[in-house]
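Chemist: Please read through the structure below; I'll follow up with questions.
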Amino acid sequence: MNHDHTTRMKQPSSHSNRINGVVLMAVASLTVPIVDASAKYLSTDISPFFLAWARFAIAAPAFGVFCKLRRGHILFTRDTRDIAAVVPRGLALVIAMTCVFLALRSVPLSTAFGGYFIGPVIATVLARILLDETITRIQSFATALGFLGALLVLQPEIGFSQGELFAALSGLAFGVYLLLTREASKRLGSLDTTLITLLTGSICLFPFALRTWPELTLTSSGLLLEMGLLTAFCQYFVIRALVLAPTAVVAPIAYLELISASLLGFIIFGNLPSTLAIVGLAAIIVSGTILARR
């Protein structure tokens, strides 16, 4: 088993460490929707596949430079078996991110994020089916509540619209990603896992990006650079948050993304969530918080 410098730094959290971890997670969570708002803005002229690739392709070298400065190595591990174990996790995230960008072409930010954040519910169900994990009554309640919340956000009538379908698929892929993250974290440290995930996204999406390569302007190039750098920046903040404080403390903070996405959607695109959607977002937040603290 390999452990990077970040893993070895992990110590029992003091009160101040918990506060710092919560602050870092809050900053990252409030920042991530800026990336997706930029993607939504660009999606009228640029393919979602190219946008997803650019996000990974810019974030990967930026994060690699950070790893080099942080610990003197870009990759701590040299074991190809450990690297290969992380690749499925990366593929799941690639699918989740691409589906989010496909959804953003036609649905508000809050709807796309509402679908994406049914991931913890999906992960709980998959863990029960595939890993035979026991689910308590409170977890069953949280799972049902999260599913109900997703229905209120997506509000399907006779069937899902294409955007709503992609939002739901992003949540399914995110759930698989969360499930695979458990195994990956047992083999590699946080920095290596994150870097390999970003590299996987860059490599897998490159053929699709090449086929849909757009004519870039100064504005679009700047927004793509912002998307990649903010992704790398947020990844580091999340890693540091998980080092400083227990997962059960900081994981629910990620649901600030739903609030930030709703605000940005209204400010930039004039999309105001309906009353039912707001109730659904609240249900998803409560559900995720319960599942994170299990």
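Numbering (my numbering), first residue to last: 8 to 301.
Beta carbons: idealized from backbone N, C-alpha and C, even for Gly.
According to the neighbour-count rule (16 or more other Cβ atoms, all chains shown, within 10 Å of its Cβ), is T219 buried or exposed?
Modeler: Under a 10 Å Cβ-count criterion, T219 is classified as exposed, with fewer than 16 other Cβ atoms of the shown protein chains found around its own Cβ.
Chemist: Taking the alpha carbon of S54 as the point to measure from, which residue in I65, A91 and F108 has its own alpha carbon closest?
Modeler: Residue F108 holds the alpha-carbon nearest to the alpha-carbon of S54 among I65, A91 and F108.
Chemist: Applying the criterion that 16 or more other CB atoms from any shown protein chain within 10 Å of the CB defines a buried residue, is P214 buried or exposed?
Modeler: exposed
Chemist: Which residue spans inside the segment 125-208 form an unbroken alpha helix (DSSP H) run of at least 4?
Modeler: 126-137, 144-161 and 169-194
Chemist: Between T118 and A174, what straight-line distance do the alpha-carbon atoms span, to the nearest angstrom?
Modeler: If you draw a straight line from the Cα of T118 to the Cα of A174, it comes to about 7 angstroms.
Chemist: If I'm right that G126 touches V160 with Cβ under 8 angstroms, what's the distance once you round it to whole angstroms?
Modeler: Their Cβ separation, rounded to whole angstroms, is 13 angstroms, which puts G126 and V160 out of contact at 8 angstroms.
Chemist: Taking C-beta to C-beta, are A258 and A69 nearer than 8 angstroms?
Modeler: no
Chemist: Assign A151 to one of two classes, buried (16 or more other C-beta atoms within 10 Å of its C-beta) or exposed (fewer than that).
Modeler: Label assigned to A151: exposed.
Chemist: Could you give the DSSP three-state label for E82: helix, strand or coil?
Modeler: Looking at the sequence shown, residue 82 is not Glu but Leu. Coil.
Chemist: Roughly how many whole angstroms lie between the Cα atoms of L111 and A46?
Modeler: 8 angstroms
Chemist: Helix or strand or just coil, what does DSSP make of G277?
Modeler: Shown here, G277 sits in coil according to DSSP, grouped into three states, outside any helix or strand.
Chemist: Considering just the uninterrupted stretch of the alpha helix (DSSP H) at A35, what are its terminal residues?
Modeler: H22 to L49
Chemist: A284: buried (16+ other C-beta within 10 angstroms of its C-beta) or exposed?
Modeler: buried
Chemist: So is Q169 buried or exposed if we call it buried at 16+ other beta carbons inside 10 Å?
Modeler: exposed
Chemist: Taking 8 angstroms as the cut-off, decide whether the C-beta atoms of A261 and G153 are in contact.
Modeler: No, these two residues do not count as a Cβ contact at 8 angstroms.
Chemist: For the structure I just gave you, are there three or more beta carbon pairs, one from the segment 94-106 and one from the segment 220-228, closer than 8 angstroms?
Modeler: no
Chemist: How would you label L232, buried or exposed, when you count the other beta carbons within 10 angstroms and need 16 or more for buried?
Modeler: exposed
Chemist: Using alpha carbons as the reference points, say which of C211, A103 and T131 lies closest to R144.
Modeler: T131
Chemist: Going by CA-CA distance only, name the one from L271, Y48, I266 and A61 that's closest to L209.
Modeler: Sequence inspection shows Ser at residue 209; the Leu mentioned does not correspond to that position. Minimum Cα distance to S209 is reached at A61.
Chemist: Comparing C-alpha positions only, which one of I275, S113, D89 and L212 sits nearest to T188?
Modeler: Nearest Cα to T188 within the set I275, S113, D89 and L212: D89.
Chemist: Using 8 angstroms for Cβ pairs, my map puts P40 next to L198. What's the rounded Cβ distance?
Modeler: About 24 angstroms; that fails the 8 angstroms criterion.
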